[in-house]
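Each remark here refers to the structure printed beneath this line.
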Amino acid sequence: MTTSPDTAQNGDTAPIASSEHANYQRIAKAIEFLVTEQQSQPSLKQLAAYVGISEHHLQRTFSDWAGVSPKQFLQYLTKEYAKQQLKQQAVMPSALAVGLSGSSRLHDLLIHCEGVTPGEYRSAGRGLDIRYGVHNSPFGYCFIALTPRGLCKLSFFDQTEHNDTATEFEQTLSELKQEWPNARIEENRAATLDVAQRVFPSELSRTSVDAAPLKLFLKGSPFQLQVWEALLKVPPGNMRSYQHIADAMGKPSAVRAVASAIARNPLAYLIPCHRVIRSTGVFNNYRWGTDRKTAMLGWEQANKQKARSGNTSTD
């Protein structure tokens, strides 16, 4: 019997394809086309032809995923929008003053960070139990690793092969083992399912904002922890440059160090490094793929706009 990542039993070593993941793959392909061709404002017919499905199917799938139509989504993906956002957020201390309480996304309201102690850092996870699982998400397969102290890893991958030997799933698991070489690591999707549902709540099952904080167990230098904390204060649907983050930390000359810390973020989406772009407005340099980063930004902006206006039109 074929099972999805969220229903497979312990002992399964590879995620199984799901309709949700297949839909994300179509959406990612559509977004790639919209980003590339945004200046010509492609029609739904052109977009559907590129993705390889009917206009009706694309309109329905895209609207279900983003909450808005492809046409509405397009306006949130342009570089001009990114540049405007960066100009609007020039005074970083003011922009960050909203703090976590100003966020409209559930995960930003629930996060509580805790860093490892120097001794724990040196032990590389000795005596630590880590359970991991693979789940569906709006952005493809989501790999989650959980400790008794909190979430220690969240990343995304697609079911593709590298060098004909290792899948992205296997590479992600290998990365976890390298990060915590002395920890006891085991697959337990049942243990990580609650985290997946809280990070990506469905329309039919929303987790209460009164729930206990979703704890993050982070291994990094004091500087890295400071950078990741600054990222948590960037509101959904907004973007910052590396310079803005450095300025907010009171270290305007540390742009390269900030960029390096952002690149080492172990918790995709929760610590929103996807909201950081170049000062020119370029969306590249994302660890989990430029298309996925663009999808996250557009998805957040579309949902923010939808919540503001109550507009769910598919025109």
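Here the sequence shown is numbered in this note's numbering, starting from 66 and rising by one per residue.
All residues carry an ideal CB built from backbone N, CA and C; glycine is no exception.
It should be emphasised that the depicted structure is a prediction, and the values quoted were computed from it without experimental measurement.
In this structure, does DSSP put G302 in helix, strand or coil?
G302: coil per DSSP, three-state reduction.
Rounding to the nearest angstrom, what Cα-Cα distance links V341 and P317 in this structure?
Approximately 16 angstroms between the Cα atoms of the pair.
Based on the DSSP output, what are the partners of K280 in its beta bridges?
DSSP output for K280 lists H177 as bridge partner(s).
How would you call Q106, buried or exposed, if buried means at least 16 neighbouring beta carbons within 10 angstroms?
Exposed, since its Cβ has fewer than 16 Cβ neighbours within 10 Å.
Is DSSP giving D194 helix, strand or coil here?
Strand.
Can you give, in chain order, each stretch of the alpha helix (DSSP H) that sits fully within the stretch 77-127 and has at least 4 residues?
The qualifying runs are 84-101, 109-116.
By a C-beta neighbour count over all protein chains shown, 10 Å radius and 16 as the cutoff for buried, is D43 buried or exposed?
Since the first residue of the chain shown is 66 and the last is 380, residue 43 is not available in this structure.
Compute the Euclidean distance between the alpha carbons of P301 and A87, then round it to the nearest angstrom.
Cα to Cα, the separation comes out at about 25 angstroms.
Could you pull out every residue in the same chain whose Cβ sits closer than 7 angstroms to the Cβ of R91, ignoring the five residues on either side in sequence?
Cβ neighbours of R91 beyond the five flanking positions: V116, I118, T126.
Give a yes or no on whether the C-beta atoms belonging to N330 and R352 are separated by under 9 angstroms.
Yes.
With 16 other CB atoms within 10 Å as the buried threshold, where does A277 fall?
Its Cβ having fewer than 16 others within 10 Å, A277 is exposed.
Decide yes or no for the touch test of the stretch 211-223 against the stretch 180-199: beta carbon pairs closer than 8 angstroms, at least 3 of them.
Yes: at least three Cβ pairs fall under 8 angstroms.
By a C-beta neighbour count over all protein chains shown, 10 Å radius and 16 as the cutoff for buried, is A384 buried or exposed?
Outside the shown range of the chain, which is 66 to 380, sits residue 384, and nothing can be said about it.
Express the C-alpha separation of L281 and F222 in angstroms, rounding to a whole number.
Near 21 angstroms, if we compare the C-alpha coordinates of L281 and F222.
What does the Cβ neighbour count give for T257, buried or exposed, with the cut at 16 atoms within 10 Å?
So T257 ends up on the buried side.
Could you check whether Y89 and P203 sit closer than 9 angstroms to each other, using their CB atoms as the reference points?
Contact: yes.
Please go through the same chain and pick out, in chain order, the residues whose beta-carbon is closer than 8 angstroms to the beta-carbon of M314, but skip the five residues on each side of it.
These residues qualify, in order along the chain: Q291, V292, A295, V323.
Taking C-beta to C-beta, are F208 and T232 nearer than 9 angstroms?
No, the Cβ-Cβ distance between F208 and T232 is not below 9 angstroms.
For Y334, is the classification buried or exposed, using 16 other Cβ atoms within 10 angstroms of its Cβ as the cut-off for buried?
So Y334 counts as buried.
So, for R249: in the same chain, excluding its five sequence neighbours on each side, which residues have a beta-carbon less than 6 angstroms away from its beta-carbon?
D194, listed in sequence order.
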